[in-house]
Amino acid sequence: MPNKIKLLFAAVILWQPLQYMIAAKFGEPYPALIMPAFAGTMTDGDGNIRLRNVRCKILFQGDEVAWLPAHELLSPANGHDAAIVSHMFGPSSATANPWPSGSLKARLFPGRALSRARSAQKELDPQTKDWLERRLNNLYPSRRPETITFIWYEDVFNVNQISPSATEDVIGVREIRFQ
Amino acid sequence: MIAKWWSADHFIFEEYKTATSGLGIYRILFAAYILFVILPTQLWVTNFPDSFFNPPLGLTLFFTGFPGAAFFRVANGLAILAAVCLLFGYRTRIASTGIALLLFVCNSWAYSFGKIDHDIPLIFIPLIMQFAGWGDSYSMDARRHDANDQAEKKTTAWPIALMALIVGLAMMTAAVPKAGSGWLDPHSHAVRAWLLYNHFVTGRSDWFSGHLLRIDSWVPWKLFDYATVLIEASFLLAVTRRSAFRVVCAFACFLHLGIAVMMEIAFVGNILAYAACFEWSALESRAGGLLHLWNGLLDRISAPWVLGSGAAMAFIYLRFGNPLQLPQEWDPIGVLICVVSAVAAAVFLITTLRSWLRTPAATPSSCSIPSPHGATHR
Numbered sequence: 063m064p065n066k067i068k069l070l071f072a073a074v075i076l077w078q079p080l081q082y083m084i085a086a087k088f089g090e091p092y093p094a095l096i097m098p099a100f101a102g103t104m105t106d107g108d109g110n111i112r113l114r115n116v117r118c119k120i121l122f123q124g125d126e127v128a129w130l131p132a133h134e135l136l137s138p139a140n141g142h143d144a145a146i147v148s149h150m151f152g153p154s155s156a157t158a159n160p161w162p163s164g165s166l167k168a169r170l171f172p173g174r175a176l177s178r179a180r181s182a183q184k185e186l187d188p189q190t191k192d193w194l195e196r197r198l199n200n201l202y203p204s205r206r207p208e209t210i211t212f213i214w215y216e217d218v219f220n221v222n223q224i225s226p227s228a229t230e231d232v233i234g235v236r237e238i239r240f241q
Numbered sequence: 482m483i484a485k486w487w488s489a490d491h492f493i494f495e496e497y498k499t500a501t502s503g504l505g506i507y508r509i510l511f512a513a514y515i516l517f518v519i520l521p522t523q524l525w526v527t528n529f530p531d532s533f534f535n536p537p538l539g540l541t542l543f544f545t546g547f548p549g550a551a552f553f554r555v556a557n558g559l560a561i562l563a564a565v566c567l568l569f570g571y572r573t574r575i576a577s578t579g580i581a582l583l584l585f586v587c588n589s590w591a592y593s594f595g596k597i598d599h600d601i602p603l604i605f606i607p608l609i610m611q612f613a614g615w616g617d618s619y620s621m622d623a624r625r626h627d628a629n630d631q632a633e634k635k636t637t638a639w640p641i642a643l644m645a646l647i648v649g650l651a652m653m654t655a656a657v658p659k660a661g662s663g664w665l666d667p668h669s670h671a672v673r674a675w676l677l678y679n680h681f682v683t684g685r686s687d688w689f690s691g692h693l694l695r696i697d698s699w700v701p702w703k704l705f706d707y708a709t710v711l712i713e714a715s716f717l718l719a720v721t722r723r724s725a726f727r728v729v730c731a732f733a734c735f736l737h738l739g740i741a742v743m744m745e746i747a748f749v750g751n752i753l754a755y756a757a758c759f760e761w762s763a764l765e766s767r768a769g770g771l772l773h774l775w776n777g778l779l780d781r782i783s784a785p786w787v788l789g790s791g792a793a794m795a796f797i798y799l800r801f802g803n804p805l806q807l808p809q810e811w812d813p814i815g816v817l818i819c820v821v822s823a824v825a826a827a828v829f830l831i832t833t834l835r836s837w838l839r840t841p842a843a844t845p846s847s848c849s850i851p852s853p854h855g856a857t858h859r
């Protein structure tokens, strides 16, 4: 028994470099003995802190407009809103790299294959569009949405100024039109 | 033969020895947190269609979408039943394993939207602590086996040592990326940047973050950066000495309190993992009346009563919800736990420092830091 326990300790230690390699190659696995990294400082050489942010502009019938923070739109996601908005409604799919549909990887890991294929599509999945429309109807029951536009921008705070001031640079736009 | 203090054998089998009775208290508090705060969990997943499915490397990678609401109701019902069993120490090993597996399965689906919450301690604590004997006191199992002689019982030390090692390794995975990505650069402001991110991007803005962001001085921000990396890295460096590990845990409680009030993120799982190393038996004399009542309750209840209570709680939670569960963006119970742990950590550090100053000379082989309740732990 003591030797088995020592082996368990050794396995936990040896697992760490393997886990590191897996996380680096395929993204963070679950479960994993990993704590949040909060890596990076988002600060450039001039003391600018750059934050990527998104705002949702909703155009209703009758040309009414409403602005909504992404975390309110995705509040049913219980704190997972940032990951969802980035993956589902990100500004560009130019870097998406879908797996070939018949490949071994795609057959072994169909969930990941579908997810990659979706992020490469220019047109939003009909299920997602339906969900968005239902969500907007819940949020604005008396109005009928025509489009929702995700406006991605970079907030730039200069920390060298006495009161850090912010500027906004738009870095991408994704518009979704409802029928 | 007693292993030398610096040997691997000593670390694994001796260093983290503690009284069984104390771990019974720890089990009750852990089960109560899971039962009254965490459960039911991840029911929100079914709000989304399969097109949102974006699984990490793990259990859900082999699926193409989310399971239905019935799956989460059954999983949560079983988890509530297991949590009630764990609370009263009925079939503790089965309940511990059950809780860990059910939380893991529910979380696996919830983390298939592209974000993983780092609450893995809530899963490895019951998996490991069942082997430490946390079901051997203040439990129905102990009553059943007529083996509740708390004074003489000793726990198996290796599970707590394993917990400490896992915490040390996990915290190092937080320290290394920070150290390698500019947190130690004197010209960067990492904590400030992440606080800005939380305040302006995630919507987790509160009175504390608003006031902290007004600090223009370079010094406190840089101190926050250095202290964070230092504390996170220290866990692994201190792991072979329980006394040193507990001191690091105490400092980390302040770090978690800071994160909870500044960023509204309460890492309760971590605090519960540190708490495994706390000398819980020190509470027995102070909370003797409550524990006596608890033992009295255990004498009166039966297995069908525990299972019936679990089933009734599962029905109430799944039908009407858990009244203590508040929206995700507001976690007052998590913040309260961070505050209590920071107060306990402050008391522990002050007492430890006082005892250490009173000890004129320590032998090189002991390097002891006396614990607050008088006993000396190495």
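Chains H and X, in that order, give the protein sequences. Residue 63 is where the first sequence starts when you use the working numbering, and the numbers rise one by one after that. Residue 482 is where the second sequence starts when you use the working numbering, and the numbers rise one by one after that. Glycine included, each C-beta is placed from N, C-alpha and C at the ideal position. Predicted, not measured: the structure shown is a model, and the values here were computed from it.
Check: Host beta strand (DSSP E) of residue 120 (chain H) (start-end); Outcome: 110 to 122
Check: Chain X contact for residue 135 (chain H) (CB, 8 Å cutoff); Outcome: no
Check: Span separating the alpha-carbon of residue 593 (chain X) from that of residue 85 (chain H); Outcome: 16 Å
Check: Spatially closest choice to residue 562 (chain X) from X:820, X:825, X:799, by CA coordinates; Outcome: X:799
Check: Alpha-carbon to alpha-carbon, residue 584 (chain X) and residue 181 (chain H); Outcome: 29 Å
Check: Within the segment 662 to 718 of chain X, ranges of the alpha helix (DSSP H) (whole runs, at least 4 residues); Outcome: 671 to 678, 688 to 693
Check: Enclosing alpha helix (DSSP H) for residue 761 (chain X) [first to last residue]; Outcome: Element bounds for residue 761 (chain X): n/a, residue is neither H nor E.
Check: Nearest-angstrom beta carbon gap, residue 78 (chain H) and residue 538 (chain X) [assumed within contact, 8 Å]; Outcome: Between residue 78 (chain H) and residue 538 (chain X) the Cβ distance is about 16 Å, and since that is not below 8 Å, they are no contact.
Check: Within the segment 191 to 239 of chain H, ranges of the beta strand (DSSP E) (whole runs, at least 3 residues); Outcome: 207 to 220, 227 to 239
Check: Three-state class that DSSP yields for residue 514 (chain X) in the structure shown; Outcome: helix
Check: According to DSSP, residues forming a beta bridge with residue 130 (chain H); Outcome: H:118
Check: Buried/exposed call for residue 751 (chain X), threshold 16 Cβ in 10 Å; Outcome: buried
Check: Nearest residue (CA-CA) to residue 514 (chain X), options X:829, X:523, X:695, X:805; Outcome: X:805
Check: At least 3 beta-carbon pairs within less than 8 Å: the segment 204 to 212 of chain H vs the segment 563 to 572 of chain X; Outcome: no
Check: Cβ contact check for the segment 506 to 524 of chain X and the segment 488 to 498 of chain X: 3 or more pairs under 8 Å; Outcome: no
Check: Burial state of residue 632 (chain X), where buried means 16 or more other Cβ atoms lie within 10 Å; Outcome: Confidence at residue 632 (chain X) is low in this model, with a pLDDT of 47, below 50, so its placement is unreliable and the value that follows should be read with caution. Looking at its Cβ environment, which holds fewer than 16 other Cβ atoms inside 10 Å, residue 632 (chain X) is exposed.
Check: Residue 497 (chain X) (DSSP reduced to helix, strand or coil); Outcome: coil
Check: Spatial distance of residue 760 (chain X) from residue 504 (chain X) (CA atoms); Outcome: 8 Å
Check: is_contact[residue 171 (chain H), chain X] using C-beta, thresh 8 Å; Outcome: yes
Check: Boundaries (first-last residue) of the alpha helix (DSSP H) holding residue 88 (chain H); Outcome: 64 to 88
Check: Where the alpha helix (DSSP H) containing residue 814 (chain X) begins and where it ends; Outcome: 813 to 839
Check: Cβ pair count under 8 Å reaching 3, the segment 93 to 113 of chain H against the segment 189 to 200 of chain H; Outcome: no
Check: Beta-carbon proximity list for residue 667 (chain X), same chain, < 8 Å, skipping 5 on both sides; Outcome: 703
Check: Cutoff 8 Å: residue 240 (chain H) Cβ touching any chain X Cβ; Outcome: no
Check: Boundaries of the alpha helix (DSSP H) in which residue 177 (chain H) is found, first to last residue; Outcome: 172 to 182
Check: Own chain, CB closer than 7 Å to residue 136 (chain H), minus 5 neighbours either side, in chain order; Outcome: 143, 146, 147
Check: Cα-Cα separation between residue 441 (chain X) and residue 797 (chain X), rounded to whole angstroms; Outcome: Outside the displayed range of chain X (482 to 859) lies residue 441 (chain X), so it cannot be described from this structure.
Check: Contact belief for residue 534 (chain X) with residue 546 (chain X) at Cβ below 8 Å, rounded distance in angstroms; Outcome: 5 Å
Check: Listed by chain order, chain X residues near residue 111 (chain H) by CB distance under 9 Å; Outcome: 670, 673, 674, 677, 678
Check: Residue 151 (chain H) burial status per 10 Å Cβ neighbour count (16 or more: buried); Outcome: buried
Check: Beta-carbon gap between residue 872 (chain X) and residue 721 (chain X) smaller than 8 Å; Outcome: Residue 872 (chain X) lies beyond the residue range present for chain X, which begins at 482 and ends at 859; the question has no answer from this structure.
Check: Whole-angstrom distance between residue 601 (chain X) and residue 610 (chain X), CA atom to CA atom; Outcome: 14 Å
Check: Nonlocal neighbours in the same chain, by C-beta distance under 7 Å from residue 614 (chain X), ignoring five residues either side; Outcome: 501, 504, 636, 637
Check: Collapsed DSSP secondary structure at residue 849 (chain X) in the structure displayed; Outcome: With a pLDDT of only 40 at residue 849 (chain X), under the threshold of 50, the placement of this residue in the model should not be trusted, and no figure is reported.
Check: Limits of the alpha helix (DSSP H) - the one that residue 529 (chain X) falls within; Outcome: Looking at the DSSP string, residue 529 (chain X) is not in any alpha helix (DSSP H), and its letter there is neither H nor E.
Check: Which of helix, strand or coil DSSP assigns to residue 632 (chain X); Outcome: Unreliable positioning characterises residue 632 (chain X) in this predicted model, as indicated by a pLDDT of 47, which lies under 50. The coordinate reading is nonetheless provided below. Residue 632 (chain X) falls in the coil class under three-state DSSP.
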